[in-house]
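Beneath this line is the structure, given in structure tokens, with notes to follow.
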Ligand code: BES
Ligand code: MN
Ligand code: ZN
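In our numbering, the protein residues as written are 4 to 497.
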């Protein structure tokens, strides 16, 4: 993974260098210094390019007198003030350009001298964050093709104040996102429920309490819904409960994640086409784990419980059948009409357990819950369902801050008819495919009671089918930064 260094220092005289200009050609101090050494050639070369937009990265021909290997100009600025997210995106474009140029390490000059309307440390933090988020790739099982994919970026050195502390902060925060991405990328043969639970134990080194519940423990608790989903698999289910106690509080915030390590659909089996994607049906759980890590590494002053249900949904002689009635932890019974609507069964038990044990002041769950949310929103935004407008507003704002946008979807008593059963308290699917994402949300809602709650259906955003600005094709880590920002906005003291 790309190493970030932040050191105050002179412009290097050789190697690969990135310098900043604003889009009107106003130079940073570093650009001006280089331009003077090249008798104005750099500024003229830049002027010939018209008015490139924010985030463009151009390689300049080297004027005599400058002995760099490669010299890149990165353009910053647009009408109106820049947000940190804009600078993260600029950092991502720099990383991308360097990788495409097969540059393994580069120095990035200070943007000092540009009027960006932000503290220099915030600018460098955002640029470095963008570099690190964009350059991550999952290369555990293959070597990249340098011709096609560029060269892995080994080290980017920012010549700016902030130093080792800022570099460590950026590294720790982006590692939390990349940790979630790694979990989501792992194939299901490697990341079983048990293996996932073991990976959670790594969080202890950051000061997070981690409790692991095995099948026997889940049976003792009476988690009939979660256990029913897992009963067809040769690999037993687990629940992991984590706590970051960065503040004393009467009641924690609870983050709950769907961790279906593989979703074949069970007896209501899915078609073969695309079934391999269901290895990432644990992206909600990965987001929760990543968020817990992010909170801990920045020492967030908040009390947060993270809980994930880990199961594999498989068809077998021991699998649950359509028509089975299961008893949830909360005591409500559920008729399982479709064994492929398994995520809500897992969430139901984990949410009910966490609500009873911790009496949280709010609950946010994340799940790749429905294909229907992809029909509704595509891959641009995640679905947000909430019974509390304040919580919903803070989630929306947090999503805008970090580039993980949400779109609010409805809830309401009128939708509950869909999930009434003739034999049990509830059934796990509505009628037909209409409003499928809402039916899923309304089902989950039955287990949170009246406390402030939000449900994020991230089925459309957990995996990118094409490169995006802050992430390449593949696991996005969606939710990690969003939850971290939500905590900063709403649940942090002082
Ligand atoms: N994990 C799937 C939802 C999903 C689909 C996630 C596509 C990512 C991409 C979920 O468990 C599921 O199978 N949902 C069913 C629900 C239906 C049976 C009511 C669906 O969406 O088809
Ligand atoms: Mn399913
Ligand atoms: Zn699923």
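Ideal placement from N, C-alpha and C gives every residue a C-beta, glycine not left out.
Every unbroken stretch of the alpha helix (DSSP H) spanning 4 or more residues and falling wholly within the segment 210-265 is given here in chain order: 218-224, 227-233. Going by C-alpha positions, residue 19 is about 8 Å away from residue 75.
DSSP places residue 354 in the uninterrupted alpha helix (DSSP H) bounded by 346-361. Within the DSSP bridge table, the entry for residue 330 names 336 as partners. Those residues that bring their Cβ nearer than 5 Å to a heavy atom of the ligand BES are 266, 284, 341, 343, 344, 346, 371, 373, 374, 432, 462. In the displayed model, residue 30 falls within a strand according to three-state DSSP.
The criterion of a C-beta distance shorter than 8 Å is satisfied by residue 121 and residue 85. In this structure, the straight-line span from the alpha carbon of residue 192 to that of residue 238 is close to 10 Å. For residue 6, the enclosing beta strand (DSSP E) stretches over residues 6-10. Sequence-distant Cβ neighbours of residue 422 in its own chain, meaning closer than 7 Å and more than five residues away, are 429, 430, 433, 442, 445, 446. Residue 457 is not a Cβ neighbour of residue 378, given a cutoff of 8 Å. Separation of the CB atoms of residue 102 and residue 154 is rounded to 6 Å, and the pair is thereby assigned contact status at 8 Å. Distance from the C-beta of residue 263 to the nearest heavy atom of the ligand ZN is below 7 Å. A Cβ-Cβ separation of about 15 Å leaves residue 451 out of contact with residue 348 under the 8 Å criterion.
Separation of the CB atoms of residue 459 and residue 482 is rounded to 7 Å, and the pair is thereby assigned contact status at 8 Å. Residue pairing by DSSP places residue 410 opposite 386 in a beta bridge.
Buried is the label assigned to residue 303, since at least 16 other Cβ atoms lie within 10 Å of its Cβ. In this structure the segment 462-481 touches the segment 91-109; the number of beta carbon pairs closer than 8 Å is three or more.
Residue range 392-405 is occupied by the alpha helix (DSSP H) that includes residue 405. Counted as a single uninterrupted DSSP element, the stretch harbouring residue 120 is not any beta strand (DSSP E), since DSSP gives it neither H nor E. Where residue 182 is concerned, there is no enclosing beta strand (DSSP E), although the alpha helix (DSSP H) around it starts and stops at 166-188. Between residue 461 and residue 287, the gap from beta carbon to beta carbon is short of 8 Å.
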